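Structure, as structure tokens:
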Amino acid sequence: MKRMIALDGAQGEGGGQILRSALSLSMITGQPFTITGIRAGRAKPGLLRQHLTAVKAAAEICRATVEGAELGSQRLVFRPGTVRGGDYRFAIGSAGSCTLVLQTVLPALWFADGPSRVEVSGGTDNPSAPPADFIRRVLEPLLAKIGVHQQTTLLRHGFYPAGGGVVATEVSPVASFNSLQLGERGNIVQMRGEVLLAGVPRHVAEREIATLAGSFSLHEQNIHNL
Numbered sequence: 006m007k008r009m010i011a012l013d014g015a016q017g018e019g020g021g022q023i024l025r026s027a028l029s030l031s032m033i034t035g036q037p038f039t040i041t042g043i044r045a046g047r048a049k050p051g052l053l054r055q056h057l058t059a060v061k062a063a064a065e066i067c068r069a070t071v072e073g074a075e076l077g078s079q080r081l082v083f084r085p086g087t088v089r090g091g092d093y094r095f096a097i098g099s100a101g102s103c104t105l106v107l108q109t110v111l112p113a114l115w116f117a118d119g120p121s122r123v124e125v126s127g128g129t130d131n132p133s134a135p136p137a138d139f140i141r142r143v144l145e146p147l148l149a150k151i152g153v154h155q156q157t158t159l160l161r162h163g164f165y166p167a168g169g170g171v172v173a174t175e176v177s178p179v180a181s182f183n184s185l186q187l188g189e190r191g192n193i194v195q196m197r198g199e200v201l202l203a204g205v206p207r208h209v210a211e212r213e214i215a216t217l218a219g220s221f222s223l224h225e226q227n228i229h230n231l
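Quick note: to get my numbering, add 5 to the position in the sequence shown (first position is 1).
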């Protein structure tokens with residue numbers, strides 16, 4: 006049996022990233038851990054719905070045993086099992102970030118015994134998290150270069166405070182990893198923008214489109230109003 010690792014969740018910024026990273030690495034390596042002081046640096050410390058969903062998602066995917074998985078908990082014990090591919094669905098129940106839940110579990114599914122589909126409902130465009138469009142348009146093309154085959158689909162946008170968004174990712178086990186070499190920035194092929202509206206007047210989008218066009222020398226036909 007592997008020795009239990011003790012983590013201090015108050016280290017660094019004292020946010021949720023240390024928990025998400027610990028869950029991912031624990032699932033991959035089989036290393037159990039205990040973390041205390043979860044989100045100690047935040048105004049509302051402890052597990053919020055998004056973090057609790059990430060814990061439960063990780064536990065379901067690797068058949069882990071968990072202690073302290075409840076709202077507001079500042080201590081968690083996580084003993085992972087074997088990561089298994091499958092069809093998974095998780096609901097945050099708020100506008101918490103779907104992509105941060107995916108960030109927690111997808112790396113482990115690269116090492117699963119078969120392909121997987123993970124669907125998460127909640128927020129898709131959050132101020133302190135990568136939006137779903139970043140995952141599918143920026144991150145996944147880079148992941149493909151190292152041998153990761155996953156495809157994220159934004160099924161429905163979800164914004165604070167209602168949430169209601171849905172993101173789904175299909176991912177296959179990685180046969181072998183390639184090195185990632187980004188020695189040169191490369192030439193700009195295209196610049197385009199998108200403006201998302203949710204519960205605000207249309208003139209707000211028109212103002213943003215004009216600002217984007219002026220700041221980046223874009224033609225307004227290359228900026229889409231969604």
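Think of the CB as a built atom: it goes at the ideal place given N, C-alpha and C, for glycine as much as any other residue.
Here the structure is a predicted model, which is why all the values come from computation and not from measurement.
Between the CA atoms of residue j and residue i - distance to the nearest angstrom
i    : j    : result
E124 : L160 : 10 Å
V179 : A63  : 19 Å
H208 : L53  : 35 Å
C67  : Q16  : 26 Å
F139 : I10  : 33 Å
P37  : P135 : 28 Å
R94  : V171 : 10 Å
S99  : G20  : 18 Å
D130 : L144 : 16 Å
Y165 : L201 : 13 Å
P85  : K7   : 11 Å
H162 : G198 : 17 Å
G101 : S26  : 17 Å
G119 : R80  : 32 Å
Given residue i as reference, the closest of the options once Cα atoms are compared
i    : options                   : result
I33  : A96, V110 and A59         : V110
V82  : V176, L24 and R141        : L24
V153 : R122, R44, F38 and W115   : W115
T174 : H162, Q156 and S181       : Q156
K235 : S181, D130 and V172       : Any question about residue 235 goes unanswered here, given that the chain covers just 6 to 231.
K61  : A48, S29 and T158         : S29
G77  : P85, T58, D92 and G91     : T58
S184 : I214, S126, G198 and L148 : L148
G128 : A137, S121 and E211       : A137
A48  : A69, E18 and E65          : E18
M196 : G188, S177 and L217       : L217
Residue range of the alpha helix (DSSP H) that includes residue i
i    : result
V271 : The displayed coordinates of the chain run from 6 to 231. Any statement about residue 271 would go beyond what the structure contains.
A74  : Where A74 is concerned, there is no enclosing alpha helix (DSSP H), given that its DSSP letter is neither H nor E.
A113 : C103 to L114
Extent of the continuous beta strand (DSSP E) run through residue i
i    : result
E124 : S121 to G127
F221 : Looking at the DSSP string, F221 is not in any beta strand (DSSP E); the run it does join, the alpha helix (DSSP H), is R207 to F221.
E199 : G198 to V200
Q155 : Q155 to R161
L12  : I10 to D13
A173 : G170 to V176
T41  : F38 to T41
Buried/exposed call for residue i, threshold 16 Cβ in 10 Å
i    : result
R44  : buried
S133 : exposed
I97  : buried
I214 : buried
S220 : exposed
A113 : buried
Any non-hydrogen atom of the ligand ATP within 7 Å of residue i CB
i    : result
E145 : The model depicted lacks the ligand ATP and carries no ligand whatsoever.
Stretch-stretch touch, CB-based, cutoff 8 Å, three pairs: the region 67–76 with the region 93–109: Because the criterion of three Cβ pairs below 8 Å is not met, the region 67–76 and the region 93–109 do not touch.
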